[in-house]
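J.:
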Amino acid sequence: MRLSVVSALILATCFLAWIGSSEAVCCRSKANLKYTIEGGDCGAVGGRRTSDGCTITICGNGRAVVGTWCGRGSCNIFGCACKGGCLSGDFALDFIKNNPGYKIHVTSTVHKP
0 MRLSVVSALI LATCFLAWIG SSEAVCCRSK ANLKYTIEGG DCGAVGGRRT
50 SDGCTITICG NGRAVVGTWC GRGSCNIFGC ACKGGCLSGD FALDFIKNNP
100 GYKIHVTSTV HKP
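By numbering that gives the first Met the number 0, the letter at position 91 of the sequence shown is numbered 90, and the numbering carries on one by one without gaps.
1. Could you tell me which of Gly45, Glu37, Gly66 and Thr54 sits nearest to Val109, measuring between CA atoms?
2. Using a 10 Å radius around the Cβ and a threshold of 16 neighbouring Cβ atoms, would you call Asp51 buried or exposed?
3. If we count Cβ pairs, one from each stretch, closer than 8 Å, do we get three or more for the stretch 66–77 versus the stretch 90–109?
4. For Ala30, is the classification buried or exposed, using 16 other Cβ atoms within 10 angstroms of its Cβ as the cut-off for buried?
5. Could you have a look at Ile95 and say whether DSSP puts it in helix, strand or coil?
6. Do Cys41 and Leu86 have their beta-carbon atoms positioned less than 9 Å apart in this structure?
7. Would you decide whether Val24 is buried or exposed? Buried here means 16 or more other CB atoms lie within 10 Å of its CB.
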């Protein structure tokens, strides 16, 4: 009984190590954008109000994160092997381009790899 439990744990550890060393592309890169907006409120472009302006977490294409990861399609639980690859671009610049009807001034961008 003990031998089977130990064997199962060793196999599970080896499996997790193998997954961690695989070459799958991961789509975990996000950015927390802080900005101010003229002529609208934070929610008009998907953000939420903070004490000093607005904030939103976006993917590389400048759009709000939907779900947990920034893949074009579904990803595994580690944010890797996403169907269609990753959403890429210039975080802040694409956010502004995606919202042309608003005067958005980005005050900070913090990348979360």
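Beta carbons are placed, not taken as given, at the ideal position from N, Cα and C, and that holds for glycine.
T.: Per the coordinate set shown:
1. On the sequence shown, residue 109 is found 110 positions in, with the first residue counted as 1. Val109 has its Cα closest to that of Thr54, out of Gly45, Glu37, Gly66 and Thr54.
2. Looking up residue 51 in the sequence shown gives position 52. Flag for Asp51 reads exposed.
3. no
4. For the purposes of this step, residue 30 is taken as the residue at position 31 of the sequence shown. Buried is the call here.
5. Locating residue 95 in the sequence shown gives position 96, counting from the first residue. It is helical.
6. Along the sequence shown, one-based indexing puts residue 86 at 87. Along the sequence shown, one-based indexing puts residue 41 at 42. It is not a contact, given that the beta carbons lie outside the stated cut-off.
7. Locating residue 24 in the sequence shown gives position 25, counting from the first residue. With fewer than 16 other Cβ atoms within 10 Å, it is exposed.
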